[in-house]
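J.:
Residue numbers (my numbering): 158 to 307.
Set out below in C-alpha cells:
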C-alpha cells in the first residue's frame, strides 16, 4: 500500500514507473490517501522531534498511512534508509527496515544551530541563517530519547 504522491515522484517513462503502474493495475499495490487525523498526528510528532523540515509531503503521507493502518490492527512496515522517516516511524511505533544502512540506533530530538557562533535555534525556526552572524544553520541531536531495542 502506498500514497498517490509516490507515483508523482517516479520519473515519467522510466522502468520504475512501468513496474509501479503494473503493480497498481494488477492489484499488488493499492493507493490510499491517509485520513487527516493521522496526517496531523505525524506532523505533530515530526515537529516535536525536529524532523518536520527534513520530511517531504510524500514522506509525511507515507508515515500517516502507516499510522492509520496500525490503528486498524495492521502491521505496516516502511522500507527506507531515510533517518528522519525512521526516527518519526519509531516514535510512533511503526516498523521500518533499512536497505543500504544499519538504520537509526536511537530516537533523536534535534536542534538547529549556527556552526560559526554556536547560537541555537528552535528546530521549527523559520530562519535558515543565523540572525547574529549570517551563517547557514545546521542541525544536531539535542538529546537521545531512548535506545532502540533490537
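Even for Gly, the Cβ is constructed at its ideal location relative to N, Cα and C. Note that this is a predicted model, so its numbers are computed, not measured.
(1) Starting from residue 268, trace the beta strand (DSSP E) in both directions and tell me its first and last residue.
(2) Please list the segments of the alpha helix (DSSP H) lying wholly inside the segment 181-239, counting only runs of 4 or more residues, in order along the chain.
(3) Among 205, 236 and 164, which residue has its Cα nearest to the Cα of residue 248?
(4) In the DSSP assignment, find the beta strand (DSSP E) that holds residue 293 and state where it starts and stops.
(5) Which value, in whole angstroms, describes the spacing of the CA atoms of residue 172 and residue 194?
(6) From residue 272 to residue 255, what does the alpha carbon distance come to, in whole angstroms?
(7) Identify, in the order they occur along the chain, each residue of the same chain with its Cβ nearer than 8 angstroms to the Cβ of residue 252, setting aside the five sequence neighbours on each side.
(8) Does the beta-carbon of residue 175 have 16 or more other beta-carbons within 10 angstroms, so that it is buried, or is it exposed?
(9) For residue 161, does the count of other Cβ atoms within 10 angstroms reach 16, so buried, or fall short, so exposed?
(10) For residue 281, which residues of its own chain have a beta-carbon under 6 angstroms away from its beta-carbon, when the five flanking residues on both sides are left out?
T.: According to the structure data:
(1) 263-270
(2) 193-206 and 214-228
(3) Checked all of 205, 236 and 164; the closest Cα to residue 248 is 205.
(4) Per DSSP, residue 293 belongs to no beta strand (DSSP E) and is neither H nor E.
(5) 35 angstroms
(6) 30 angstroms
(7) 232, 233, 234, 235 and 246
(8) exposed
(9) exposed
(10) 204
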